[in-house]
Amino acid sequence: MVSRAHGIAGELRVSAFNPGAPNMQRGRRVYITGHRYTVLRARPDQDAWLLQLAGIENRNSAEELAGELIEAADGDVRREDSDSYFLHELVGLRVVTVDGRELGTVTEVLQTGANDVYIATGPTGEVLIPAIGEVVEGIDIGAGIMRITPLAGMLDESQ
Numbered sequence: 001m002v003s004r005a006h007g008i009a010g011e012l013r014v015s016a017f018n019p020g021a022p023n024m025q026r027g028r029r030v031y032i033t034g035h036r037y038t039v040l041r042a043r044p045d046q047d048a049w050l051l052q053l054a055g056i057e058n059r060n061s062a063e064e065l066a067g068e069l070i071e072a073a074d075g076d077v078r079r080e081d082s083d084s085y086f087l088h089e090l091v092g093l094r095v096v097t098v099d100g101r102e103l104g105t106v107t108e109v110l111q112t113g114a115n116d117v118y119i120a121t122g123p124t125g126e127v128l129i130p131a132i133g134e135v136v137e138g139i140d141i142g143a144g145i146m147r148i149t150p151l152a153g154m155l156d157e158s159q
């Protein structure tokens, strides 16, 4: 997120979701309000990053971007490992228990702070699935499936 302009040469002071800001390094493409920019320079500054983007050459241009979200195309984002995924890729996955019970599809991801919660909607209504290792056995984006082991009391067993 662009916090504010920095200096007079068009630099932006930004907050990064990932402290190392791997997707905002020199040469990377980013998007702000749908416009594509190339990162010319990126350097850490206290709890933020200072970015110089191609095409943003003065303070006035930089000030216009204050408060805007900096985005990167999914294909341009470095993933930490092959088992990682984007939250939006979870929406639409079929949720199945390890014993084969179909619970529905993921309709929403809640970010609660402690851990995410996946909401699956199916024939028996909504099921709240805590995104913890004890519950989520596996996520296969390619196959469109999330396998879970429900905690005791997590599912309405009366149906």
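In my numbering, the protein residues as written are 1 to 159. Positions of the beta carbon are idealized from the N, C-alpha and C atoms, including for glycine. Remember, it's a predicted structure, so these values are computed and weren't measured experimentally.
Contact belief for residue i with residue j at Cβ below 8 Å, rounded distance in angstroms
i, j, result
"residue 31", "residue 71", "5 Å"
"residue 13", "residue 50", "6 Å"
"residue 141", "residue 89", "5 Å"
"residue 167", "residue 98", "Not covered by the structure: residue 167. The range shown for the chain is 1 to 159."
CA-to-CA distance, residue j to residue i, given in whole angstroms
i, j, result
"residue 179", "residue 122", "The shown model of the chain, from 1 to 159, leaves out residue 179, and the question about it has no answer."
"residue 67", "residue 151", "41 Å"
"residue 41", "residue 58", "15 Å"
"residue 159", "residue 125", "Bear in mind that the predicted position of residue 159 carries a pLDDT of just 46, short of 50, making it too unreliable to give a figure here."
"residue 11", "residue 39", "11 Å"
"residue 92", "residue 8", "46 Å"
"residue 156", "residue 101", "13 Å"
"residue 96", "residue 73", "30 Å"
"residue 20", "residue 113", "20 Å"
"residue 76", "residue 52", "18 Å"
Residue i versus the options, residue with shortest Cα-Cα distance
i, options, result
"residue 16", "9, 48 and 4", "48"
"residue 34", "3, 45, 69 and 5", "69"
"residue 3", "44, 43 and 65", "65"
Whole runs of the beta strand (DSSP E) within the stretch 114–141, excluding any shorter than 3 residues:
116–122, 125–130 and 136–140
Mind listing, in chain order, the continuous beta strand (DSSP E) runs of no fewer than 3 residues lying wholly within the stretch 3–35?
11–14 and 29–32
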